[in-house]
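Read through the structure below, which is laid out as structure tokens, and then see the notes.
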Amino acid sequence: MLNPALPQRDPAARSRLLLTLIALALLWPGLSLSELDLGVLIDGSNAQTMGVFLSGFWPPAHGAEFLFLLGRATLETLAIATAGMAMALALAVPCALLATRSLSISAVSRGGRPRPWAQAVRWPVRGLLIILRSVPEIVWALLFVRAVGLGPTAGVLAIAITYAGMLGKVYAEIFESVDPLPTRALIGAGGSRLQAFAYGVLPQATGEMLSYTVYRWECAIRASVVMGFVGAGGLGQQMDLSIRMFAGGEVASMLLTFLLLVLLADLFSQLLRRRFV
Amino acid sequence: MKPLARYALPLLLVLAVVASFAYLQLEASALLSREGVGQMARYAAAFFSPDLSAPHLRAIAYGALETLAMSAIGTLLAAALGLLLALPAAGRFGLIAKAISRLLLNALRAIPELVWAALMVLAAGLGPNAGTLALALHTAGVLGRLFAEALENTPSEPSEALRLAGSGRVGAFCYGTLPTLWPQLVAYTLYRWENNIRMASVLGFVGAGGLGQMLYMSLSLFQEAQASTIILAMLLMVLTVDALSGWARQRWVRS
């Protein structure tokens, strides 16, 4: 079979070993910085506390009073996501209209490329959108909790701001990606920009916009649960309270509700997308 | 049917929006009143004078390094755990092992990082250790699933040839399957690392270390100037990671 004269070892072994060593040397300071210590998990007292906590997971809490509270929190989460998305839309559409190049009048006579100063005017809006979406939503939530107090208002505002940034950017990109000829024809024939948008861009862009918006709504539900951990209302806030009170059963039923909610939102958004796109 | 769908669905959506505003009892009038706006403006104005003193900047640099370390170590642990779970999840050890490991991967993935972090803070105490573990657990679920799919799609001929030539199972996997799989594993892991850097900076809100914990502390102490510097640092980090990954993608993936 194989030629016995050939060495019986991996010819690339040395370079692989060297690469591994370099990676380890680079990661070594990280190990001390991140204070990684798996031992804490199986340490006596910690393990005992965790054991008690985890053993409470079964059966999940299902008292009538608790279920009522859970239902209210779930509805609140849904409402935060929906209201936040509505406000984000109200902010994102004007920003996208201001930021998109495809509605530029100076671009009509220049083959789709606006004049430099027209580009420069669009940059502040783009910068604003970048800043809105680059600060994570939970940071916005924390800031708004400090500004308007604990409760769902902070969550709605945080979702509105972050998602306005994301929606605005994506809408502007969608407007630019559709066929520009109808828009140019409309503007060239003397239509106003809004008319050109409504009859030239919008009919081509609706499907994609809707599908992205529904997808973001789904993300907003997940985000609003997470944002509850800094006090922005909904399921997350209740979950945070239960975790702090070591109420394992309540945490278990909330996690189950969360999973169910995400699953249902996923199904619903698939349905909506199939309906419209 | 058609007009029904055409008018009923949008109407339903509008109703849902109105109902959610009503349910939350958002006091827009209180928010938009002169008093409310003035209060918000005063609060916001405090953020426009970031604290750029040297000790604070040094503390931020340390926090940023801690965040990076948390994300890197967490992702590495996750890749190891993910690969370990991906082998049974790709059906290499029978159907029962496949079902169990898939269930485990789904459970790990379905719970968000922040919830894991809150649980890990209970289990392992405050500090970056909890954040690293939380990232590792959630990311293991995500990577495990991706790895399992990659494993299933890898051509099996090379490892079969090695097995036929008398190689052991481990040898056939290391020299037959892994070389084709490797680039995909690295690409997925790097992509998740990029996500985790962003995530690691906010895990601190529940006490899991990094920049987030600093931000939470300074906001709790009403030190808006310090907080605004930390937010700027986060923004800088996110934009840098975005730019670097965009560059790397164009440099290596396109070609």
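Chains as they are written, first to last, in the working numbering: chain A, 2 to 278; chain B, 873 to 1127. Using N, Cα and C, we set each Cβ at its ideal position, and we do this for glycine too. Note that the coordinates shown come from a computational prediction; the quantities given were computed from them, not determined experimentally.
- Mind checking which residues open and close the alpha helix (DSSP H) that includes B/Cys1148? Lying before the first or after the last residue shown, residue 1148 of chain B is absent from chain B, which here runs from 873 to 1127.
- Query: Where does the unbroken alpha helix (DSSP H) through A/Gln238 begin, and where does it stop?
  - Reply: Locating residue 238 of chain A in the first sequence gives position 237, where the first residue counts as 1. Run containing A/Gln238: Leu236 to Arg245, per the alpha helix (DSSP H) assignment.
- Item | alpha helix (DSSP H) segment containing B/Asp1114, residue limits | Position 242 of the second sequence holds residue 1114 of chain B. Segment Glu1096 to Ala1120, the alpha helix (DSSP H) holding B/Asp1114.
- Enumerate in chain order the residues of its own chain whose CB-to-CB distance from A/Ser105 is below 7 angstroms, with the five nearest sequence positions on each side excluded. Start at 1 with the first residue of the first sequence, and residue 105 of chain A comes out as number 104. So the qualifying residues of the chain are Pro115 and Ala119.
- Neighbour flag for A/Pro34 against chain B, beta carbons, 8 angstroms: As a working note, residue 34 of chain A is residue 33 in the first sequence. First, the residue type needs correcting, since residue 34 of chain A is Leu and not Pro in the sequence shown. For A/Leu34, the nearest beta carbon of chain B is closer than 8 angstroms to its own beta carbon.
- Three-state class that DSSP yields for A/Asp267 in the structure shown: Along the first sequence, one-based indexing puts residue 267 of chain A at 266. In the three-state scheme derived from DSSP, where H, G and I count as helix and E and B as strand, A/Asp267 is classed as helix.
- With a cut-off of 8 angstroms on the beta carbons, I'd call B/Ala996 and A/Leu42 a contact; round off their distance for me. Residue numbering aside, residue 996 of chain B sits at position 124 when the second sequence is read from its first letter. Residue numbering aside, residue 42 of chain A sits at position 41 when the first sequence is read from its first letter. Right, their Cβ atoms sit about 6 angstroms apart.
- For A/Ser103 and B/Leu1107, the rounded distance between their alpha carbons: Taking the first residue of the second sequence as position 1, residue 1107 of chain B is located at position 235. Taking the first residue of the first sequence as position 1, residue 103 of chain A is located at position 102. Rounded to whole angstroms, B/Leu1107 to A/Ser103 spans 29 angstroms at the Cα level.
- Task: Just the C-alpha distance for B/Gly954 and A/Leu273, rounded to the nearest angstrom, thanks.
- Result: Locating residue 954 of chain B in the second sequence gives position 82, counting from the first residue. Locating residue 273 of chain A in the first sequence gives position 272, counting from the first residue. Distance from the CA of B/Gly954 to the CA of A/Leu273, rounded to the nearest whole angstrom, comes to 33 angstroms.
- Task: State yes or no: is the beta carbon of A/Leu265 nearer than 8 angstroms to at least one beta carbon in chain B?
- Result: Looking up residue 265 of chain A in the first sequence gives position 264. False, the Cβ-Cβ gap to chain B never drops below 8 angstroms.
- If you run the structure through DSSP and keep just helix, strand and coil, what is A/Gln196? Against the first sequence, residue 196 of chain A aligns to sequence position 195. Reduced to three states, the DSSP call for A/Gln196 is helix.
- Query: With a CB to CB cut of under 7 angstroms and the five nearest residues on each side skipped, what residues in its chain are close to B/Thr1101?
  - Reply: Residue mapping note: residue 1101 of chain B aligns to position 229 of the second sequence, counting from 1. If you ignore the 5 residues before and after B/Thr1101, its C-beta comes within less than 7 angstroms of the C-beta of Pro922, Asp923, Leu924, His928 and Ile932, all in its own chain and listed in chain order.
- Item | A/Glu77 classed as buried or exposed, judged by whether at least 16 other C-beta atoms fall within 10 angstroms | Taking the first residue of the first sequence as position 1, residue 77 of chain A is located at position 76. With a 10 Å radius around the Cβ and a threshold of 16 neighbouring Cβ atoms, A/Glu77 comes out buried.
- Between the Cα of A/Ala89 and the Cα atoms of A/Gln205, A/Thr163, A/Leu28 and A/Met228, which residue gives the shortest distance? Residue mapping note: residue 89 of chain A aligns to position 88 of the first sequence, counting from 1. Ranking A/Gln205, A/Thr163, A/Leu28 and A/Met228 by Cα distance to A/Ala89 puts A/Thr163 first.
- Query: How many angstroms separate the CA atom of A/Asp241 from the CA atom of A/Gly229?
  - Reply: Indexing the first sequence from 1 puts residue 241 of chain A at position 240. Indexing the first sequence from 1 puts residue 229 of chain A at position 228. Taking the straight line joining both Cα atoms gives about 8 angstroms.
- Query: Would you say B/Glu907 reaches chain A, if we count a Cβ-Cβ gap shorter than 8 angstroms as a contact?
  - Reply: Reading the second sequence from its first residue, position 35 is the one you call residue 907 of chain B. The beta-carbon of B/Glu907 is placed no less than 8 angstroms from the nearest beta-carbon of chain A.
- Task: Could you list which residues in chain B have their beta carbon closer than 9 angstroms to that of A/Phe54, in chain order?
- Result: As a working note, residue 54 of chain A is residue 53 in the first sequence. Leu991, Leu994 and Ala995, listed in chain order.
- Message: Against chain B, does A/Val171 count as a neighbour if the rule is that its beta carbon must be under 8 angstroms from one of theirs?
- Response: Translated into the one-based positions of the first sequence, residue 171 of chain A becomes position 170. Cβ-Cβ to chain B under 8 angstroms: no for A/Val171.
- When you compare only the Cα positions, how much space is there between B/Tyr895 and A/Ile81? Position 23 of the second sequence, counting from 1, holds the residue named residue 895 of chain B. Position 80 of the first sequence, counting from 1, holds the residue named residue 81 of chain A. Going from the Cα of B/Tyr895 to the Cα of A/Ile81 covers about 9 angstroms.
- Message: Tell me the DSSP secondary structure of A/Leu39 in three-state form.
- Response: Here residue 39 of chain A refers to the residue found at position 38 of the first sequence. If DSSP states are grouped into helix, strand and coil, A/Leu39 belongs with coil.
- Message: For B/Pro927, report the span of its alpha helix (DSSP H) as first-last.
- Response: Walking along the second sequence from the start, residue 927 of chain B turns up at place 55. For B/Pro927, the enclosing alpha helix (DSSP H) stretches over residues Ala926 to Ala961.
- Item | Inter-residue spacing [alpha-carbon to alpha-carbon] between B/Arg1070 and B/Tyr1047 | Position 198 of the second sequence, counting from 1, holds the residue named residue 1070 of chain B. Position 175 of the second sequence, counting from 1, holds the residue named residue 1047 of chain B. Cα-Cα distance, rounded: 35 angstroms.
- With DSSP as the reference, label B/Thr1061 as helix, strand or coil. By 1-based counting over the second sequence, the position of residue 1061 of chain B is 189. Residue state, collapsed to three classes: helix.
- Check A/Gly201 in the structure and name its three-state DSSP category. Taking the first residue of the first sequence as position 1, residue 201 of chain A is located at position 200. Shown here, A/Gly201 sits in a helix according to DSSP, grouped into three states.
- Query: Applying the criterion that 16 or more other CB atoms from any shown protein chain within 10 Å of the CB defines a buried residue, is A/Met2 buried or exposed?
  - Reply: Mapped onto the first sequence, residue 2 of chain A falls at position 1. Residue placement at A/Met2 is flagged as unreliable, the pLDDT there being 49, under the threshold of 50; the coordinate-derived value follows with that caveat. With fewer than 16 Cβ atoms within 10 Å of its Cβ, A/Met2 is classed as exposed.
- Query: What does a CB cutoff of less than 7 angstroms around B/Leu1015 pick up in its chain, not counting 5 residues either side in sequence?
  - Reply: If you number the second sequence from 1, residue 1015 of chain B lands on position 143. Hits under 7 angstroms: Ala950, Ala951, Gly954, Tyr1060, Thr1061 and Arg1064.
- Identity of the residue in B/Phe1019, B/Leu881 and B/Tyr1088 nearest B/Ala961 by Cα: The residue labelled residue 961 of chain B in the question sits at position 89 within the second sequence. Of the candidates B/Phe1019, B/Leu881 and B/Tyr1088, the one whose C-alpha sits nearest the C-alpha of B/Ala961 is B/Phe1019.
- Item | Spatial distance of B/Val1113 from A/Ala233 (CA atoms) | Position 241 of the second sequence, counted from the start, is the residue given in the question as residue 1113 of chain B. Position 232 of the first sequence, counted from the start, is the residue given in the question as residue 233 of chain A. Their backbone Cα atoms lie some 28 angstroms apart in a straight line.
- Task: Using the Cα positions of A/Arg275 and A/Arg217, report the straight-line distance between them to the nearest angstrom.
- Result: Indexing the first sequence from 1 puts residue 275 of chain A at position 274. Indexing the first sequence from 1 puts residue 217 of chain A at position 216. Between the alpha carbons of A/Arg275 and A/Arg217 lies a distance of about 16 angstroms.
- Message: Does B/Ala941 pass the burial test, meaning 16 or more other C-beta atoms within 10 Å, or should it be called exposed?
- Response: Here residue 941 of chain B refers to the residue found at position 69 of the second sequence. By the neighbour-count rule (16 or more Cβ atoms within 10 Å), B/Ala941 is buried.
- Message: Need the endpoints of the alpha helix (DSSP H) that B/Val1014 sits in, please.
- Response: Reading the second sequence from its first residue, position 142 is the one you call residue 1014 of chain B. DSSP places B/Val1014 inside the alpha helix (DSSP H), whose first and last residues are Pro1000 to Asn1025.
- Would you call the CB atoms of A/Tyr172 and A/Ala93 closer than 8 angstroms? Here residue 172 of chain A corresponds to residue number 171 of the first sequence, with the count starting at 1. Here residue 93 of chain A corresponds to residue number 92 of the first sequence, with the count starting at 1. If you check the CB distance, A/Tyr172 and A/Ala93 come in under 8 angstroms.
- Message: Between the alpha carbons of B/Val987 and B/Leu1007, how many angstroms are there, rounded?
- Response: Taking the first residue of the second sequence as 1, we reach residue 987 of chain B at position 115. Taking the first residue of the second sequence as 1, we reach residue 1007 of chain B at position 135. Answer to the nearest angstrom: the Cα atoms are 10 angstroms apart.
- Helix or strand or just coil, what does DSSP make of A/Arg274? As a position in the first sequence, residue 274 of chain A is number 273, starting the count at 1. In the structure shown, A/Arg274 sits in a helix (DSSP, three-state: H, G or I).
- Output, in sequence order along the chain, the residues in the segment 169 to 201 of chain A whose CB is closer than 9 angstroms to any CB in chain B. Here the close residues number zero.
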